[in-house]
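Going letter by letter, the sequence shown gives residues 18 to 174 in my numbering. A virtual CB, placed ideally from N, CA and C, is assigned to each residue, including glycine.
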Amino acid sequence: MTTDVLTGAPSADVLTGAPSADVLTGATAAGAPSAEPCDLVTVPVRQGLEAVDILRRGGTPAVGPVLHDGACDTLGFLVPPGTAAGWDMPGSACTQTSGRGLRIPELPELPEPAGDAPRPAGWLLPPGDTGEVTDPAVLREALGQAARLIEAADGCR
Numbered sequence: 018m019t020t021d022v023l024t025g026a027p028s029a030d031v032l033t034g035a036p037s038a039d040v041l042t043g044a045t046a047a048g049a050p051s052a053e054p055c056d057l058v059t060v061p062v063r064q065g066l067e068a069v070d071i072l073r074r075g076g077t078p079a080v081g082p083v084l085h086d087g088a089c090d091t092l093g094f095l096v097p098p099g100t101a102a103g104w105d106m107p108g109s110a111c112t113q114t115s116g117r118g119l120r121i122p123e124l125p126e127l128p129e130p131a132g133d134a135p136r137p138a139g140w141l142l143p144p145g146d147t148g149e150v151t152d153p154a155v156l157r158e159a160l161g162q163a164a165r166l167i168e169a170a171d172g173c174r
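This is the structure in structure tokens:
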């Protein structure tokens, strides 16, 4: 279990592929909720951070909002609805959210967790700082390039 990114209350771990009925819907570029749902592609944080760098270096707003889990093990890219039906990239998962539950406004200020409590999930790239959602074809290419960079870097050790 992690915490709901809006309320800080316990919720299913959206970023590790175990969403509850309260998951994500789309957002406009300004961060206001839209009626359009979105799906969520989750990847290991190292590959996800490389992919974010690759997408941001492209010069166009090619990356949409990106979530991180509280443990910083996983990143979640918001993608258009329907992406989950055809997503087959090894090392990642795509969760269909069906537009239920959580809207995508700015996160409220949450207190730091006490002791060993996990940090709440949050935005790496919040809505409004990015495009609406990440194009799945562009994301797939960036994740593939990121995996090759990581493999090459690990081979040099």
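Taking residue i as part of the alpha helix (DSSP H), name the residues at either end of that continuous run.
i           : result
residue 100 : 100 to 103
residue 163 : 153 to 172
residue 65  : 62 to 74
From which residue to which residue does the beta strand (DSSP E) around residue i run?
i           : result
residue 93  : 91 to 96
residue 110 : 110 to 112
residue 83  : 83 to 85
Let's test the definition: count the other Cβ atoms within 10 Å of the Cβ of residue i and tell me whether it reaches 16, buried, or not, exposed.
i           : result
residue 170 : exposed
residue 168 : exposed
residue 105 : exposed
residue 82  : buried
residue 102 : exposed
residue 172 : exposed
Can a CB atom of chain C be found closer than 8 Å to the CB of residue i?
i          : result
residue 93 : Of the protein chains in the structure, only one exists, and it is not chain C.
Residues in its own chain within less than 6 Å of residue i by CB, not counting five upstream and five downstream?
i           : result
residue 107 : none
residue 153 : 96, 100
residue 113 : 56, 101
residue 65  : 92
Throw me the rounded Cβ distance for the residue i and residue j pair, which I believe falls under 8 Å.
i           : j           : result
residue 100 : residue 56  : 4 Å
residue 59  : residue 138 : Not confirmed; about 11 Å, so no contact.
residue 148 : residue 79  : 7 Å
residue 140 : residue 84  : 6 Å
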